[in-house]
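Chains as they are written, first to last, in the numbering used here: chain A, 196 to 326; chain B, 2 to 100.
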């Protein structure tokens, strides 16, 4: 009985921390001009990551696990599409013609890719992780 | 991703989920009231900074009025669910809205 109580207390505490961290972020995120600055995106991402990690302390039901896996699979699909677009020479027929033009004009060897950007902007990664 | 996961883990417990929704409702109401007051009293200011865009429209603490509208709209949905819950608890419970 006492052992069970000892085991339950940290779980309850973590659940409480998770709840109040989520409430704090939910209530304060709109305050600073909608938190569009990178520093606020980083702060809220760190706090929500901590809250999500606290949520892992409690065992989930099978239905919850299925839902969670479906969501993570969807996130992986989005990440895969983003990576395929920025990695050079993944699907050559789909490469953006801007790379060939830049190569012709500058005379340098540029790696062509589907995206017109060479890399994923950090702010886009931040928004993806936050939302 | 982290916002969804945090909300998901909070929502796994009915009591915590209700607490989160309660805070969300009142936080959005607070921002909406602030937005209306700011529009009426300090229409050229956005919090402590001068407002340069979307003058004459309610933006609350956001820069963009579309974001403010989405935020307040989410609050309207939450308040409607809560009011509907009180008026017709069985119907809302059956449709899975709240309660």
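Just so it is clear, CB atoms sit at the ideal spot from N, CA and C, and this is done for glycine as well.
Subject >> residue 208 of chain A in three-state terms, based on DSSP >> reply: Secondary structure at residue 208 of chain A: helix, using DSSP grouped into helix, strand and coil.
Subject >> C-alpha gap between residue 97 of chain B and residue 267 of chain A, whole angstroms >> reply: Reliability fails at residue 97 of chain B, whose pLDDT of 47 lies under 50, so the model's placement of it is uncertain and no value is given.
Subject >> Cβ-Cβ separation, residue 260 of chain A to residue 239 of chain A (assumed contact under 8 Å), whole Å >> reply: The beta-carbon distance between residue 239 of chain A and residue 260 of chain A, rounded to whole angstroms, is 26 Å. This is too long to meet the 8 Å contact definition.
Original post:
Okay, do the stretch 50 to 65 of chain B and the stretch 8 to 28 of chain B touch, 3+ Cβ pairs below 8 Å being the bar?
Top reply: No contact exists between the stretch 50 to 65 of chain B and the stretch 8 to 28 of chain B.
Original post:
Apart from the five residues just before and just after residue 209 of chain A, which ones in its own chain have a Cβ nearer than 7 Å to its Cβ?
Top reply: Answer for residue 209 of chain A: 249, 252, listed in chain order.
**OP:** Pull out every residue of the stretch 229 to 249 of chain A whose Cβ sits closer than 7 Å to any Cβ of chain B, in chain order.
**Re:** Near chain B, meaning a CB-to-CB distance below 7 Å, the residues of the stretch 229 to 249 of chain A are 229, 231, 240, 243, 244, 246, 247.
Subject >> Residues that residue 225 of chain A contacts on chain B, provided the C-beta gap is smaller than 9 Å >> reply: Those within 9 Å of residue 225 of chain A in chain B are 28, 29, 32, 61, 62, 63, 68, 69, 72.
Original post:
Who are the near neighbours of residue 282 of chain A in its chain, counting only those whose CB is closer than 8 Å to its CB and skipping five residues on each side?
Top reply: Taken in chain order, the residues that qualify are 308.
Original post:
Nearest to residue 62 of chain B by alpha carbon, out of B/46, B/74, B/6?
Top reply: For the set B/46, B/74, B/6, the Cα lying nearest the Cα of residue 62 of chain B is the one of B/46.
Original post:
Looking at the structure shown, is residue 13 of chain B part of a helix, part of a strand, or coil, going by DSSP?
Top reply: In this structure, residue 13 of chain B counts as coil in the three-state DSSP scheme.
**OP:** Just tell me which of A/226, A/274, A/212, A/246 has its CA closest to the CA of residue 6 of chain B.
**Re:** Here the closest residue by C-alpha is A/246.
Subject >> Cβ-based burial, residue 311 of chain A [other Cβ within 10 Å; buried from 16] >> reply: It counts as exposed.
Original post:
So with Cβ pairs under 7 Å, would you call residue 45 of chain B a contact of chain A?
Top reply: Judged by the 7 Å Cβ criterion, residue 45 of chain B is not in contact with chain A.
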